[in-house]
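A.B. asks: Chains as they are written, first to last, in full-length UniProt numbering: chain A, 1 to 903; chain B, 1 to 428. The beta-carbon is built from N, C-alpha and C at its ideal position, and this holds for glycine as well. Treat the numbers as computed from the prediction; the structure is a model and nothing was measured. Got a structure here, written out as structure tokens. Questions coming.
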Amino acid sequence: MSGHDSKYFSTTKKGEIPELKDELNSQYKDKRKDAVKKVIAAMTVGKDVSSLFTDVVNCMQTENLELKKLVYLYLINYAKSQPDLAILAVNTFVKDSQDPNPLIRALAVRTMGCIRVDKITEYLCDPLQKCLKDDDPYVRKTASICVAKLYDINAELVEDRGFLDTLKDLISDNNPMVVANAVAALAEIQENSTRPIFEITSNTLAKLLTALNECTEWGQVFILDALSKYKAADAREAENIVERVTPRLQHANCAVVLSAVKMILLQMELITSTDVVRNLCKKMAPPLVTLLSAEPEIQYVALRNINLIVQRRPTILAHEIKVFFCKYNDPIYVKMEKLEIMIKLASDRNIDQVLLEFKEYATEVDVDFVRKAVRAIGRCAIKLERAAERCISVLLELIKIKVNYVVQEAIIVIKDIFRRYPNTYESIIATLCESLDTLDEPEAKASMIWIIGEYAERIDNADELLESFLESFPEEPASVQLQLLTATVKLFLKKPTEGPQQMIQVVLNNATVETDNPDLRDRAYIYWRLLSTDPEAAKDVVLAEKPVISDDSNQIDSTLLDELLANIATLSSVYHKPPEAFVSRVKTAIQRPDDEEYPDGSETGYSETSSHAPESSGPAPTSSGTPPYAATKQPGQATVGPAPAAQVPDLLGDLIGLDNSLVPVDQPATPTGPPLPVLLSASSGQGLQISAQLTRRDGQIFYSMLFENNTQTSLDGFMIQFNKNTFGLAAAGPLQVPQIQPGTSARTLLPMVLSQNVSPGPPSSILQVAVKNNQQPVFYFNDKVSLLVLLSEDGRMERADFLEKWKSLPDSNEVTKDLPGVVVNSVEATLDRLAASNMFFIAKRRHANQEVLYLSAKTSWGIPLLIELTAVVGIPGIKCAIKIPNLELAPLFFEATEAVLKG
Amino acid sequence: MAGAASALFLLDIKGRVLVWRDYRGDVTAVQAEKFFTKLIEKDGDPDTQSPVVCDNGVSYMFIQHNNVYLMTASRQNCNAASHLLFLHRVVDVFKHYFEELEEESLRDNFVVVYELLDEMMDFGYPQFTEAKILSEFIKTDAYRMEVTQRPPMAVTNAVSWRSEGIRYKKNEVFLDVVESVNILVNSNGQIIRSDVVGALKMRTYLSGMPECKLGLNDRVLLEAQGRSSKGKAIDLDDIKFHQCVRLARFENDRTIAFIPPDGSFDLMTYRLSTQVKPLIWVEAQVERHSRSRMEMMVKARSQFKERSTATNVEIELPVPCDATNPNLRTSMGSATYAPEKDALIWKIKSFSGGKEYMLRAEFSLPSVTDEDAAPERKAPIRVKFEIPYFTVSGIQVRYLKIIEKSGYQALPWVRYITMAGEYELRLI
């Protein structure tokens with residue numbers, strides 16, 4: 001059934017457009033049809049044929065379905081560039097939407113919805129209304145999606161014309177395809193709205209679960225994904241839902257299976273019966289394993305998800321490690337992910353077999369994969385104490401192969417193993433030293449130097465070894481220089497003989513006078529001063545015992561893990577990042593200031609949509625441009641914003657002994673005030689980067705902002721606007737920012753006022769901000785309001801008042817929360833810290849070994865907070881209870897308190 | 001969780017856009033082309049690149065088929081599994097239409113391609129990918145009719161895979177039970193992984209809307225019916241059904257009931273992770289005489305019952321990439337040197353059970369070697385074979401009942417075959 005359309009591409013004669021124009025106006029049907037095909041062919045190869053608009057539209061009124069479709073396709077492409085002419089097509093559209101043939105009716109609404117021209121959408125409403133109630137399900141299913149299209153162009157119109165209600169009615173439609181598309185449309189609309197539009201009740205739940213049995217595979221995915229938002233009332237309901245969903249695990253479509261797994265995992269959180277949970281785990285394992293026989297791209301998505309699932313439910317695949325062994329022909333991206341899961345599933349029981357596999361991989365050709373395999377052996381050693389020795393012997397065998405990058409990688413992980421098991425495996429140092437000459441990568445060099453310094457007393461020729469590195473000191477990268485400096489100091493402290501003394505002179509001289517790296521210089525000066533004033537103190541500091549490390553480099557923090565598990569099968573679960581970190585087109589409830597006032601950005605690619613859906617980027621996706629692999633190649637990359645997910649499997653980073661050997665663990669490195677968080681990254685701000693934070697100074701709230709101009713032009717005329725928010729925070733005056741030259745930055749403190757434009761609804765800490773200037777389009781970003789800046793300085797209460805207030809509030813106004821990550825080391829220090837944040841100490845009592853502290857605070861608008869903190873000094877975990885007239889503030893309060901106590 | 005594609009791209013091997021369909025107007029072809037050409041250039045080999053990449057706020061998901069890349073782009077948190085699978089289904093649909101999907105066939109049929117993209121995805125949501133039904137209302141030129149068509153009922157029906165009114169003179173069903181054996185043997189000769197992936201492939205030529213019921217020797221079912229004693233029953237680890245099978249019914253009483261699509265499809269696939277004895281065992285001994293010559297002694301043994309015979313056996317033995325002057329002798333079949341694969345291919349047309357054959361090979365090697373060269377890639381021995389009338393699992397089709405309201409008798413034909421899947425022995 002092959003066609004010969006390629007002939008339409010081949011007209012490249014001069015005067016093509018006039019010729020086409022003639023043909024389009026030909027009196028012969030076939031000639032017109034051929035001409036339209038030529039036009040579409042030209043459009044396909046990227047030629048501009050928009051000048052033929054009127055002529056093509058004239059061909060629209062035809063009985064020929066194929067021709068009609070081509071003209072429609074042309075319209076979708078060029079209506080934006082000819083909005084005034086597009087009106088010409090409206091009549092035909094409206095007429096087609098009433099055609100007796102359902103294919104044409106559907107085609108008309110589908111196409112109209114794709115034409116993102118305001119003037120057209122007005123005419124779309126009536127046909128859409130009719131089509132939503134059409135007799136033919138094919139038309140209804142197309143119309144359902146069209147509502148989502150219209151909402152994207154003009155949300156107000158959709159709400160005003162009551163389309164949402166009609167759409168909700170379609171959930172009860174007797175045709176499963178219509179139901180599925182209505183669900184997809186509603187879910188999308190809900191995502192872009194702050195109002196509750198599509199809430200799944202137990203009634204809709206029942207309907208959707210029924211439709212699930214009958215609709216197409218893609219429809220099943222829509223329904224399962226929408227249902228995963230549903231929170232079951234109790235364990236019983238959860239079990240019922242799971243029972244209805246489990247048959248989907250048998251579906252041949254992998255996407256259906258993954259979405260079903262997501263549903264089941266979410267409901268499992270509510271199920272209390274351990275038997276039921278165990279049973280479900282057993283049921284989910286085989287389908288998960290079968291996903292690994294799918295196409296490699298699907299396998300990749302499945303593996304990224306399995307990585308998350310085994311972190312929450314390690315037992316599910318505990319016995320299936322063999323299915324993750326790499327096949328010879330697996331694409332490299334599949335192998336990398338399999339390796340990661342093998343490490344997670346490795347246990348004392350299977351480690352021998354796993355090591356054999358890793359060893360096999362370490363002799364493959366792909367360098368990245370080989371490195372990862374070597375590193376995997378090290379991570380297993382750190383994870384499984386009893387297997388450490390076997391891991392080391394495999395590493396030594398690999399070093400003997402003498403392949404350069406294998407040796408270097410092995411040395412890096414052996415250093416980690418030394419950190420994990422100090423004074424256990426030093427006997428192998430001699431073997432390591434044999435490879436000294438071959439090291440040429442900074443990380444491997446730094447690791448080897450660390451080992452020499454750390455065990456200087458046991459290596460006879462440690463001074464010679466270090467000296468060999470010293471010659472090239474000025475040329476080494478910073479990480480190696482720092483390491484050399486520390487190692488030489490260690491050597492000197494351990495063997496204060498003449499040789500090392502000379503070496504230290506050389507190093508200190510190199511690291512202070514000859515360098516322009518401030519980190520290196522500062523560290524050198526500190527050592528110098530320590531050594532010259534009190535060598536014993538220097539010993540205490542430099543040779544102090546280091547805390548033990550563990551292999552948590554790829555563990556995801558539990559709240560993030562929850563969020564990722566709720567997003568199984570989606571991009572979020574593939575990137576291991578929350579959706580905000582990469583979704584570049586999200587809803588914001590910001591009422592867009594007058595459209596005319598701000599020119600639309602034209603570089604973002606969708607500037608045509610002038611009416612709604614502001615092109616807002618999520619909160620500073622600093623690393624959104626990096627694919628999952630790239631992340632692993634950039635150790636130590638800073639994660640700003642809400643994405644601690646991008647943890648880098650880099651054991652070196654965990655080693656405080658390596659980079660900051662001087663700084664004990666639990667002291668903050670520099671007390672010089674943290675930098676402001678980046679809220680608008682330069683990439684989403686077209687070169688403008690904005691960092692900002694709310695602060696409180698002398699009873700006044702300020703918005704402390706930093707603007708960095710990385711564009712090529714100077715920027716001026718900055719203005720700011722805050723969206724309605726829970727606290728009614730708004731600017732007290734205009735934004736005072738001077739003109740910013742390219743490559744420079746400006747700071748400002750913007751005074752803020754409270755209770756200006758309070759948004760109703762449940763309290764939220766989100767603060768939405770819009771900033772514009774004269775050169776760029778409006779940028780939107782989100783900030784988070786900490787309750788701390790809202791606590792007033794006069795929150796101190798008298799003891800009696802406190803007691804009375806405590807009694808007067810009913811018990812139902814008391815909320816308790818455990819803050820497990822917080823530790824009180826000293827009651828005094830904690831109280832000082834709290835007082836600095838306007839939480840005032842009232843009384844204290846001891847209960848067994850627990851300290852119970854009572855404090856008071858008051859919000860700027862006068863709501864009192866009564867606080868009770870229970871803690872054991874020196875042991876992590878604090879119980880925090882508050883009584884408050886306005887319970888909704890409690891979560892914000894806990895967040896704030898935790899932030900203060902963690903410092 | 002809602003999320004949809006912004007656009008779908010069909011790109012040529014260099015990453016240039018051949019055809020694209022814009023669904024949301026927020027990702028341009030220029031942008032996508034720029035991203036993708038950069039991606040291909042950077043890596044040279046796009047195989048190493050994961051199929052989901054985020055660039056500049058846009059997530060791209062792509063697959064490759066022949067000399068064409070298929071790619072969706074999205075600015076939302078869309079369902080990645082669903083989108084990638086959808087792209088594979090698009091390939092299937094195009095193949096159904098154009099026989100083969102490649103740059104050439106896309107150019108030759110761009111009008112139909114646009115029509116199909118319009119029908120398969122709407123506003124970035126996958127809609128309908130049943131090639132057979134699509135071809136009832138979207139036709140290529142040769143078959144196009146001037147009369148306007150209507151959408152087939154099936155597009156929106158609960159039975160979306162079969163149209164009504166199909167007629168055959170002779171009603172027949174062909175059922176092939178195909179089992180692939182996957183095996184991985186490590187260098188110590190231990191089997192570290194083995195499983196069997198089976199598929200029930202059906203070809204139906206049935207009139208009307210037939211209701212089918214399939215009976216297997218599934219242990220769970222037989223025990224539930226209290227008939228465990230009769231014959232051999234088997235445990236299936238994980239079963240996946242074509243969307244025509246009523247899953248809720250299977251969950252209830254293990255009955256496999258369905259209205260089949262017309263023509264060929266995979267009714268179900270299953271997996272068994274029981275330890276399988278390697279059906280064909282291959283061992284190789286390599287000796288390097290001095291620096292310039294190597295000798296290989298290979299033994300291949302069939303480890304199944306004598307009454308079965310493996311056919312089309314093909315054993316791929318890796319040899320060093322700089323080997324030359326092969327000298328090959330076999331006790332059965334023929335061996336050829338395939339330098340493009342750095343391998344020796346030993347083919348045996350028919351290999352009955354309980355037999356052992358030998359191969360002897362000699363190669364010359366260059367006497368000078370690069371001391372610093374990276375170690376050679378250690379490829380495993382790979383084996384391909386087919387064994388007809390035999391299944392590893394012992395699965396049996398007990399019955400296939402076909403009931404249609406017109407009451408015709410249909411003939412079911414059943415065949416069994418076992419073949420090698422990912423069959424790797426690291427014994428060299």
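Assuming contact is defined by CB atoms lying nearer than 7 Å, are Pro247(A) and Ala158(B) in contact in what I supplied?
C.D. replies: The count along the first sequence starts at 1 and reaches residue 247(A) at position 247. The count along the second sequence starts at 1 and reaches residue 158(B) at position 158. Against a cut-off of 7 Å, the Cβ pair of Ala158(B) and Pro247(A) comes out as no contact.
A.B. asks: Can Ile395(B) and Ile256(B) be called in contact, C-beta distance under 7 Å?
C.D. replies: The sequence position of residue 395(B) within the second sequence is 395, counting from 1. The sequence position of residue 256(B) within the second sequence is 256, counting from 1. Against a cut-off of 7 Å, the Cβ pair of Ile256(B) and Ile395(B) comes out as no contact.
A.B. asks: Among the residues of its own chain, which have a CB less than 7 Å from the CB of Ala343(B), if the five just before and after it don't count?
C.D. replies: Locating residue 343(B) in the second sequence gives position 343, where the first residue counts as 1. Here the set comprises Glu316, Leu317, Pro318, Val319.
A.B. asks: In the DSSP assignment, what residue or residues form a beta bridge with Ser302(B)?
C.D. replies: Looking up residue 302(B) in the second sequence gives position 302. Partner(s): Ile280(B).
A.B. asks: Once the 5 residues before and after Phe351(B) are set aside, which same chain residues still bring their CB inside 6 Å of it?
C.D. replies: Numbered from its first residue, the second sequence carries residue 351(B) at position 351. Ser302, Ala310, Val313.
A.B. asks: Using a Cβ cut-off of 7 Å, pull out every chain A residue sitting near Ile239(B), in sequence order please.
C.D. replies: Here residue 239(B) refers to the residue found at position 239 when the second sequence is read from its first residue. Chain A residues near Ile239(B): Gln250.
A.B. asks: Whose C-alpha, out of Asp322(B), Lys42(B), Ala300(B), is nearest the C-alpha of Met358(B)?
C.D. replies: Here residue 358(B) refers to the residue found at position 358 when the second sequence is read from its first residue. It is Ala300(B).
A.B. asks: When you compare each of Val93(B), Phe9(B), Val181(B) to residue 440(B) by their alpha carbons, which one comes out closest?
C.D. replies: Within the shown structure, residues of chain B are numbered from 1 to 428, placing residue 440(B) beyond reach of any answer.
A.B. asks: Since Leu85(B) meets chain A, which of its residues come closer than 7 Å, beta carbon to beta carbon?
C.D. replies: By one-based count along the second sequence, residue 85(B) stands at place 85. Under the 7 Å cutoff, chain A gives Asn253, Cys254, Ala255, Ile298.
A.B. asks: Could you confirm whether any beta carbon from chain A is found closer than 7 Å to the beta carbon of Cys212(B)?
C.D. replies: For the purposes of this step, residue 212(B) is taken as the residue at position 212 of the second sequence. Closer than 7 Å: no.
A.B. asks: Tell me the DSSP bridge mates of Asp783(A)?
C.D. replies: The sequence position of residue 783(A) within the first sequence is 783, counting from 1. In the DSSP output, where bridge partners are listed per residue, Asp783(A) has Leu767(A).
A.B. asks: Give me the subset of the region 312 to 330 of chain A whose CB atoms are less than 9 Å from a CB atom of chain B, sorted by chain position.
C.D. replies: Correct list: Glu320, Lys322, Val323, Phe325, Lys327, Tyr328, Asn329.
A.B. asks: For Thr609(A), is the classification buried or exposed, using 16 other Cβ atoms within 10 angstroms of its Cβ as the cut-off for buried?
C.D. replies: As a position in the first sequence, residue 609(A) is number 609, starting the count at 1. Residue placement at Thr609(A) cannot be trusted, given a pLDDT of 36 that sits under 50; what the coordinates show is reported in the next sentence. With 16 or more Cβ atoms within 10 Å of its Cβ, Thr609(A) is classed as buried.
A.B. asks: Which term fits Ala430(A), buried or exposed, when burial requires 16 or more other beta carbons within 10 angstroms of its beta carbon?
C.D. replies: For the purposes of this step, residue 430(A) is taken as residue 430 along the first sequence, with counting starting at 1. Burial call: exposed.
A.B. asks: Going by beta carbon distance, what residues of the same chain come within less than 6 Å of Tyr74(A), once the five residues before and after it are set aside?
C.D. replies: Sequence index remark: in the first sequence, residue 74(A) carries index 74 (1-based). The residues are Val56.
A.B. asks: Specify whether the region 95 to 104 of chain B and the region 299 to 314 of chain A touch according to this definition: at least 3 beta carbon pairs, one from each stretch, less than 8 Å apart.
C.D. replies: At 8 Å Cβ cutoff, the stretches do not touch.
A.B. asks: At what residue ranges does the region 219 to 247 of chain A contain a whole run of the alpha helix (DSSP H), taking only runs of 4 or more?
C.D. replies: List check, alpha helix (DSSP H) in window: 235 to 245.
A.B. asks: Taking CB distances under 7 Å as the criterion, tell me whether Ile428(B) reaches chain A.
C.D. replies: Here residue 428(B) refers to the residue found at position 428 when the second sequence is read from its first residue. Not one chain A Cβ lies under 7 Å of Ile428(B).
A.B. asks: Taking 8 Å as the cut-off, does the region 241 to 255 of chain A touch the region 291 to 302 of chain A (at least 3 CB pairs, one atom from each stretch)?
C.D. replies: Touching, per the Cβ criterion.
A.B. asks: Looking at C-alpha atoms only, which residue of Asp160(A), Leu88(A), Pro547(A) is the closest neighbour of Pro422(A)?
C.D. replies: By 1-based counting over the first sequence, the position of residue 422(A) is 422. When each option's Cα is compared against that of Pro422(A), the closest is Pro547(A).
A.B. asks: For Gln190(A), does the three-state DSSP call read helix, strand or coil?
C.D. replies: As a working note, residue 190(A) is residue 190 in the first sequence. The answer is helix: DSSP assigns Gln190(A) an H, G or I state.
A.B. asks: In whole angstroms, what is the alpha-carbon distance linking Cys125(A) and Leu157(A)?
C.D. replies: Residue 125(A) sits at position 125 when you count from the first residue of the first sequence. Residue 157(A) sits at position 157 when you count from the first residue of the first sequence. Distance between the alpha carbons of Cys125(A) and Leu157(A) is about 8 Å.
A.B. asks: Scan the region 383 to 468 of chain A and note each continuous beta strand (DSSP E) run of 3 residues or more that stays entirely inside, going in chain order.
C.D. replies: None, since the region 383 to 468 of chain A contains no complete beta strand (DSSP E) of that length.
A.B. asks: Is Ile145(A) close to chain B, meaning its C-beta is less than 7 Å from at least one C-beta of that chain?
C.D. replies: Your numbering for residue 145(A) matches position 145 in the first sequence. Closer than 7 Å: yes.
A.B. asks: By Cβ distance, which residues of its chain are closer than 8 Å to Val334(A), with the 5 residues on each side in sequence left out?
C.D. replies: In the first sequence, residue 334(A) corresponds to position 334, counting from 1. The answer, listed in chain order, is Pro296, Gln299, Tyr300, Leu303, Cys326.
A.B. asks: Does any C-beta atom of chain A lie closer than 7 Å to the C-beta of Gly215(B)?
C.D. replies: Walking along the second sequence from the start, residue 215(B) turns up at place 215. Cβ-Cβ to chain A under 7 Å: no for Gly215(B).
A.B. asks: Excluding five sequence neighbours on each side, which residues of the same chain lie with their C-beta closer than 7 Å to the C-beta of Phe469(A)?
C.D. replies: Walking along the first sequence from the start, residue 469(A) turns up at place 469. So the qualifying residues of the chain are Ile449, Leu484.
A.B. asks: Given this structure, state the Cα-to-Cα distance separating Ala420(B) from Ile345(B), to the nearest angstrom.
C.D. replies: The sequence position of residue 420(B) within the second sequence is 420, counting from 1. The sequence position of residue 345(B) within the second sequence is 345, counting from 1. The alpha-carbon atoms of Ala420(B) and Ile345(B) are separated by roughly 16 Å.
A.B. asks: Have a look at Leu186(A) and Lys168(A) and give me their C-alpha separation to the nearest angstrom.
C.D. replies: Numbered from its first residue, the first sequence carries residue 186(A) at position 186. Numbered from its first residue, the first sequence carries residue 168(A) at position 168. Roughly 8 Å between the two C-alpha positions.
A.B. asks: Give the interface partners of Glu576(A) over in chain B, defined as CB-CB distance under 8 Å, in chain order.
C.D. replies: Here residue 576(A) is taken as the residue at index 576 of the first sequence, counted from 1. According to the sequence as given, residue 576(A) is His; it is not Glu. Those within 8 Å of His576(A) in chain B number zero; the least Cβ separation is about 12 Å.
A.B. asks: Quick one: is Ile104(A) buried, meaning 16 or more other Cβ sit within 10 Å of its Cβ, or exposed?
C.D. replies: Numbered from its first residue, the first sequence carries residue 104(A) at position 104. Counting Cβ neighbours within 10 Å, Ile104(A) comes out buried, since at least 16 surround it.
A.B. asks: To the nearest angstrom, how far is the alpha carbon of Ala857(A) from that of Lys805(A)?
C.D. replies: As a first step, residue 857(A) is located in the first sequence; it is residue number 857 there, counting from the start. As a first step, residue 805(A) is located in the first sequence; it is residue number 805 there, counting from the start. If you take the alpha carbons of Ala857(A) and Lys805(A), they lie about 12 Å apart.
A.B. asks: If contacts are defined as beta-carbon pairs under 8 Å, then Ile882(A) and Leu901(A) qualify, I think. What distance do you get, rounded to the angstrom?
C.D. replies: For the purposes of this step, residue 882(A) is taken as the residue at position 882 of the first sequence. For the purposes of this step, residue 901(A) is taken as the residue at position 901 of the first sequence. Contact flag wrong, Cβ pair sits at about 14 Å.
A.B. asks: Put Phe727(A) into one of helix, strand or coil per three-state DSSP.
C.D. replies: Residue 727(A) sits at position 727 when you count from the first residue of the first sequence. Correct three-state label for Phe727(A): coil.
A.B. asks: Could you name the residues of the region 339 to 354 of chain A whose beta carbon sits closer than 7 Å to any beta carbon of chain B, in the order they occur along the chain?
C.D. replies: Residues Gln353.
A.B. asks: Determine the burial state of Asn886(A): buried for a count of at least 16 other Cβ atoms within 10 Å of its Cβ, exposed for fewer.
C.D. replies: Mapped onto the first sequence, residue 886(A) falls at position 886. Answer is exposed; the Cβ neighbour count stays below 16.
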